[in-house]
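Just so we're aligned, residue 4 is where the sequence shown starts under our numbering, counting upward by one.
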Amino acid sequence: MIFLKDIFYKIKWLIRQSFGKRLGHFYMDMKFLKRNCTYLPKFRLNATYSKDAFVFVIDPKFKHPGLADRLKGIVACYNFAKKNGYKFYILYKHPFYLEKYLLPNHVNWVKGFGDLNYSIGHTVFYNEASWHVDKPLKKGKEYHCYNYTGNLLPKVFSDTGEEWASLFNELFVPNDEIKKCVSQTGFKEKSYVAVHFRFVNALENFEGNYYNALSTQEEKDNLIKRCKGGLMEIKKKNPTKEILVFSDSKVFLNSIQDLPVRTLDSSSIGHISFTHSDDSVVKTFLDLFMMSRASKVYVVHAPELYNSSCFALVGARIGNIDVEVLNV
4 MIFLKDIFYK
14 IKWLIRQSFG
24 KRLGHFYMDM
34 KFLKRNCTYL
44 PKFRLNATYS
54 KDAFVFVIDP
64 KFKHPGLADR
74 LKGIVACYNF
84 AKKNGYKFYI
94 LYKHPFYLEK
104 YLLPNHVNWV
114 KGFGDLNYSI
124 GHTVFYNEAS
134 WHVDKPLKKG
144 KEYHCYNYTG
154 NLLPKVFSDT
164 GEEWASLFNE
174 LFVPNDEIKK
184 CVSQTGFKEK
194 SYVAVHFRFV
204 NALENFEGNY
214 YNALSTQEEK
224 DNLIKRCKGG
234 LMEIKKKNPT
244 KEILVFSDSK
254 VFLNSIQDLP
264 VRTLDSSSIG
274 HISFTHSDDS
284 VVKTFLDLFM
294 MSRASKVYVV
304 HAPELYNSSC
314 FALVGARIGN
324 IDVEVLNV
C-alpha cells in the first residue's frame, strides 16, 4: 500500500507540474482559496495587483519536499526573477514562518497570504522545473510560483553568472538564535570537515511513508561498520582537521562515539515535513550553517542510504565550498 501511495503522489505531482497553462493554475488556485478562506487574497478582474512582482508560495495544503529542496527552489526562482528585473517575495508560513529563522538581508522578501492578488489579466503562474522552458517574464505582471522541484544546484547559474551562495546571502541572514547556536559549538570556521549520512529509516523509524528499513540487526550492524570505515578513511585524508559528523540517525551518531570524530547535540533531530517544533527547526538550520562553515563537505553514499538527499549539498552551496561523495 505504501508503494502504491508513493506512486500516486508522483503521478499527481507530474500532472500538476505539466498542467501549466494559466486557466489550469487559476482553477487550482481557486480550489486553494476555497480550502483556505482565512488566507483569502485580493481578487480583482484587472485592478489591484503588484506590477513586476514574483512570489514563491509554500501552499500549506500541498505535499512539499524537505527544507533543502525548498531552499533550492527559492534561490532558483530568485535568480530568474532578478534576471528579469522583478521584485522577489517569499510566502512561507508552513510548517513554520521562514522569516522567524532566516531574516531578510538585502531583499525585503516577506509576504502574507493577504498580499496575494488574483487578477485574470495580470496574475501569471510559474513552474520552476528542469523541463520547463524559462521564457522571459512579461512586464507589469504578478507571478506566483506554487510548483517547484529545485533540482538544479549549480555553483554558478549559467544564465546569469550569479553565484548560488551570493543569491542565498542576498536573501537571508540567520536569526540571533541560530547565530548563537553556531557560536556555542566552539568550532572555528574552516577548522573542520563536515560529513553527512542520510539513513532515513534504515536504522530506526525516522520518516513516515519511506520503506528503506533494514529487516535484521545483522544488516544494520554491517551498514554501521561500513559507514564507520568511511569516516576513518575521511580522517586519514584530513589528518589536521576535526571531523564533524551530521546524520538523521541517532542510532548511528551514538555508534561512533568510539571514533576520533565529533558530533553536535542530536536530541532535536527531525525532518521538517514530520517534526517542526522550534527546537527541531533550529537544529536543522544549525546543521546547514555548520556545513556551510566547513573547509569541505563529504556526502557518504551506500545502497541502503538515501543517496538523493541534497541537504549537505545545500549546506555546502551556502558557504560556496566543495563537496565530495564517498561510497561505502
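We put the CB at the ideal spot given by N, CA and C, even for glycine.
Given the structure is predicted, the values throughout are model-derived calculations rather than measurements.
Per the C-alpha coordinates, the member of LEU262, LEU247, LYS54 and GLY153 positioned closest to TYR195 is LEU247. When the Cα atoms are used, ALA79 and GLU131 turn out to be separated by approximately 8 Å.
Fewer than three pairs of CB atoms, one per stretch, sit closer than 8 Å, so the segment 279-292 makes no contact with the segment 227-234.
7 Å or more divides the Cβ of PHE99 from the Cβ of HIS274. The C-beta distance from TYR301 to LEU329 rounds to 6 Å, short enough to meet the 8 Å contact threshold.
ASN82 and LEU155 have their C-alpha atoms roughly 12 Å apart. Annotation: SER218 to LYS141 spans about 54 Å, alpha carbon to alpha carbon.
Residue state for ALA205 is assigned as coil, using DSSP reduced to three classes. Put simply, the backbone Cα of LYS66 is about 15 Å away from that of LEU74. Following the DSSP letters along the chain, one finds LEU174 inside the alpha helix (DSSP H) bounded by residues 167-174. Taken in chain order, the unbroken stretches of alpha helix (DSSP H) that lie wholly in the segment 215-299 and span 4 residues or more are 220-240, 253-258 and 281-295.
Relative to GLY124, the option among PHE171, ALA305 and SER53 whose CA is nearest is SER53.
When the five nearest sequence neighbours on each side are left out, the beta carbons in the same chain lying within less than 6 Å of the beta carbon of GLU192 are those of ARG296, in order along the chain. Within the model, the alpha-carbon separation for LEU174 versus ASP224 is close to 43 Å. In the DSSP assignment, ASN82 falls within the unbroken alpha helix (DSSP H) covering 70-86. With a 10 Å radius around the Cβ and a threshold of 16 neighbouring Cβ atoms, PRO242 comes out exposed.
Residue environment for ASP290: buried (at least 16 other C-beta atoms within 10 angstroms of its C-beta). The beta carbons of LYS114 and LEU101 sit no closer together than 7 Å. Pairing GLY69 with GLY153 gives a Cβ-Cβ distance that is not under 7 Å. The secondary-structure analysis by DSSP pairs THR126 across a beta bridge with GLU145. CA-to-CA, the gap between TYR151 and PHE128 works out to about 11 Å. In the three-state DSSP reduction, GLU327 falls in the strand class (E or B).
Of the residues assessed, HIS147 falls on the buried side of the cut-off, its CB having 16 or more other CB atoms within 10 angstroms. The beta-carbon separation of HIS199 and SER250, rounded to 7 Å, stays under the 8 Å limit for a contact. With respect to ALA84, GLU145 sits apart: the two C-beta atoms are not nearer than 7 Å. Residue burial annotation: THR163 is exposed, with fewer than 16 other C-beta atoms found within 10 angstroms of its C-beta. In the same chain as ASN87, and ignoring 5 residues on each side of it, the C-beta atoms closer than 7 Å to its own belong to PRO139 and LEU140, in chain order. In terms of Cα proximity to LYS299, the closest of SER312, ALA197 and ALA216 is ALA197. Secondary structure in the segment 173-200: the alpha helix (DSSP H) runs of 4 residues or longer, each lying completely within the stretch, are 179-187 in chain order.
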